[in-house]
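S.K.: Dropping a structure here in structure tokens format, bear with me for questions.
Residue numbers (the working numbering): 266 to 468.
Below, the structure written as structure tokens:
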């Protein structure tokens with residue numbers, strides 16, 4: 266498996282290029298992804314680098330659907346814009362996925378929420394500079410030296426879920442990933458509502 270380092274994916278990836286079949290999990294995920302795109306919480310910067318991603322656990326497994334890497338510019342997403350993560354390892358910094366696109370660069374971080382938070386079924390990662398600046402250090406915040414999409418970030422998620430108030434707050438700010446914010450919940454609705462509550466309070 267080649268190690269991809271293009272400023273996006275930082276893990277070793279084993280990608281199977283197949284066509285995913287539509288199911289309720291994936292269709293529901295598409296709906297919320299497109300809502301976030303409409304709100305410019307998922308998108309693309311002027312330099313062409315995409316930001317934001319969203320995932321949904323599949324039943325009670327550690328498999329999950331996630332928006333594909335560099336799909337932020339797409340207004341109305343289709344099944345081909347998503348990937349199914351079937352396995353991953355923090356210690357080996359590796360991930361297996363399938364679909365017509367590779368999984369998001371933040372997939373290992375999403376996986377950490379599902380591994381260490383057994384009630385978590387949906388994870389949203391958005392970029393919003395003003396909200397990020399406001400919440401930095403107020404809600405659970407990862408250290409500046411820990412970078413996105415790395416095993417270190419996954420283990421930091423474990424630490425915050427296990428020992429701190431992350432499970433209660435349901436929101437995380439990444440100090441080392443400017444503008445980056447995560448919310449999560451038992452459903453996509455809950456994860457989205459948590460984000461909107463903080464937006465309403467502070468923006």
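Beta carbons: idealized from backbone N, C-alpha and C, even for Gly.
Could you spell out where the alpha helix (DSSP H) holding residue 289 opens and where it closes?
M.R.: 289-303
S.K.: Would you report the Cα separation of residue 282 and residue 345, rounded to the nearest angstrom?
M.R.: Near 10 Å, if we compare the C-alpha coordinates of residue 345 and residue 282.
S.K.: Taking C-alpha atoms, which residue in 398, 451, 355 and 397 lies nearest to residue 421?
M.R.: Closest in alpha carbon position to residue 421, among 398, 451, 355 and 397, is 355.
S.K.: Contact between the region 396-411 and the region 365-384: three or more CB pairs below 8 Å?
M.R.: Inter-segment contact for the region 396-411 and the region 365-384 is absent: fewer than three beta-carbon pairs are separated by less than 8 Å.
S.K.: Looking at the unbroken alpha helix (DSSP H) that takes in residue 499, where does it start and where does it end?
M.R.: A query on residue 499 cannot be resolved here, the shown segment of the chain reaching from 266 to 468 and no further.
S.K.: As a quick exercise: from 327, 339 and 326, pick the residue whose alpha carbon is nearest that of residue 303.
M.R.: 339
S.K.: Out of 335, 325, 295 and 328, state which residue places its alpha-carbon closest to the alpha-carbon of residue 312.
M.R.: 335
S.K.: What would DSSP say about residue 411, mapped onto helix, strand or coil?
M.R.: Of the three classes helix, strand and coil, the one that applies to residue 411 here is coil, per DSSP.
S.K.: When you compare only the Cα positions, how much space is there between residue 444 and residue 454?
M.R.: 22 Å
S.K.: Pick out the complete alpha helix (DSSP H) segments inside the region 421-456, 4 residues or longer, and give them in chain order.
M.R.: 431-434
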